[in-house]
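First residue of the sequence shown: 27, per this note's numbering; consecutive thereafter.
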Amino acid sequence: MAQFDIGRKNNRAVGRIHCVNVEKGIFGIIRDVSPEDDPIIYEALTSPCEVIFSNVLVNEGRPHWLGMGAELPEKGVNFSGVWFKGKPDAKGNEIGCAHKNARYAVALSALKNCDPELDNPKGVDLAGVMYGGRDPKSYVPCQQGFDWEHGIVAYGASLETETTFATVGKEGVPEINLMSIQDFVAISLGKYVKNNLDFGKKLKNPPLVFGVNYFLRDKNGKFTNGVRDKHVWVKWMELRVHGEAECRVAPTGLIPCYEDLKKLFKEVLDKDYTQDDYVNQFTIRIKENLAKIDRVEKFHREHVAQSPAEVFKVLAEQKKRLEEASKKFGDFVSPLDLEKK
27 MAQFDIGRKN
37 NRAVGRIHCV
47 NVEKGIFGII
57 RDVSPEDDPI
67 IYEALTSPCE
77 VIFSNVLVNE
87 GRPHWLGMGA
97 ELPEKGVNFS
107 GVWFKGKPDA
117 KGNEIGCAHK
127 NARYAVALSA
137 LKNCDPELDN
147 PKGVDLAGVM
157 YGGRDPKSYV
167 PCQQGFDWEH
177 GIVAYGASLE
187 TETTFATVGK
197 EGVPEINLMS
207 IQDFVAISLG
217 KYVKNNLDFG
227 KKLKNPPLVF
237 GVNYFLRDKN
247 GKFTNGVRDK
257 HVWVKWMELR
267 VHGEAECRVA
277 PTGLIPCYED
287 LKKLFKEVLD
297 KDYTQDDYVN
307 QFTIRIKENL
317 AKIDRVEKFH
327 REHVAQSPAE
337 VFKVLAEQKK
347 RLEEASKKFG
357 DFVSPLDLEK
367 K
């Protein structure tokens, strides 16, 4: 399974997808990159190699950023010029040592776990595709589409993300961002979605499509996921690709079984994973998911010219499944009540 912000997909090999990486490096937000949460990226950023930093604090020739897991200097140079702790801006507000939207750019080859097939001109077989956004209320941490069409529509064409400090405007506002590439699509969005749907119809063995959401919050506003839990979700997806893990059938897709996750958390993160953790993360929130469908349908009707009929069909089917689950289980559906497959 491959994951790139940008990838070139080709179905040249008898109905199979080959994926070629077209990116040279990573351009990312550096805030909270630390030895604990992002050890490989942190090592690359703090080792001798070519890195571009922006909006960080520089002290004695070394970059420092928010959440890096180390004590920060009390003076240096940052986006405001010469900086010292307590320095005020024009309105009298204290200027932080580094900007919360500070960035870094580094070559993929600087990462010690870089795949040797990264620049293979023939590409690699693509067995799984994942779409993900910042969704605090509705989707579970990871799930698999029922088929290519459902995955493309429910996870790609319905991708909703909460705005952050990295976007223009107010933070915390839910926005639809098709396939998380909406701003870079050069054709009509409806045509782009249709192309994705048609592409899968040409394949004898289309990749599995997954939806991921690392930003689900509980009723107290706390994240249900740990920062490194994504390693487990990706590992589960790999097992699904190879037919080595069971699932439960939820109204929004196929979700992991507790027994598999318990084993993976121990193997991958050496972390105990309780049944309470599982229920907290994978309970299906009926009202929130129905509200999401309403927002997505409205967006496609008002902002997506020539949105394919398949979009509205898949959303209607998902709405029906959610309503039926609500009648049977109530507003919150425990994953333990769902059928195994």
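Each residue gets a CB set at the ideal place from its N, CA and C atoms; glycine is no exception.
Between residue 183 and residue 237, the C-beta gap is not smaller than 8 angstroms, which leaves the two residues out of contact.
In this chain, the alpha helix (DSSP H) harbouring residue 226 covers 215-227. Per DSSP, the unbroken alpha helix (DSSP H) holding residue 319 starts and ends at 312-329.
Residue pairing by DSSP puts residue 170 in a beta bridge opposite 236, 280. Non-local beta-carbon contacts of residue 203 in its own chain, meaning distances under 7 angstroms to residues more than five positions away in sequence, involve 159, 185, 187 in chain order. Residue 123 is bridged by DSSP to nothing; it lacks a bridge partner. The alpha-carbon separation between residue 353 and residue 362 amounts to approximately 17 angstroms. Distance between residue 59 and residue 89, taken at the CA atoms: about 13 angstroms.
In the displayed model, residue 153 falls within coil according to three-state DSSP, outside both helix and strand. Secondary structure note for residue 78: it is in no alpha helix (DSSP H), and the uninterrupted beta strand (DSSP E) holding it is 77-80. The beta carbon of residue 215 sits closer than 8 angstroms to the beta carbons of 204, 208, 329, 330, 331, 333 from its chain, once the five residues preceding and following it are set aside; these are given in chain order. Residue pairing by DSSP places residue 201 opposite 187 in a beta bridge. Between the region 165-179 and the region 278-291 there are three or more C-beta pairs closer than 8 angstroms, enough to call the two in contact. When the alpha-carbon of residue 258 is set against those of 295, 274, 220, the nearest one is in 295. Here the alpha carbons of residue 51 and residue 135 stand approximately 8 angstroms from one another. By the C-beta density criterion, residue 318 is buried, having at least 16 other C-beta atoms within 10 angstroms. Checking the DSSP bridge columns, you'll see residue 358 partnered with 311.
Contact annotation: residue 57 and residue 102 have beta-carbon atoms that are not nearer than 8 angstroms. By the C-beta density criterion, residue 146 is exposed, having fewer than 16 other C-beta atoms within 10 angstroms.
Annotation: residue 301 to residue 85 spans about 47 angstroms, alpha carbon to alpha carbon.
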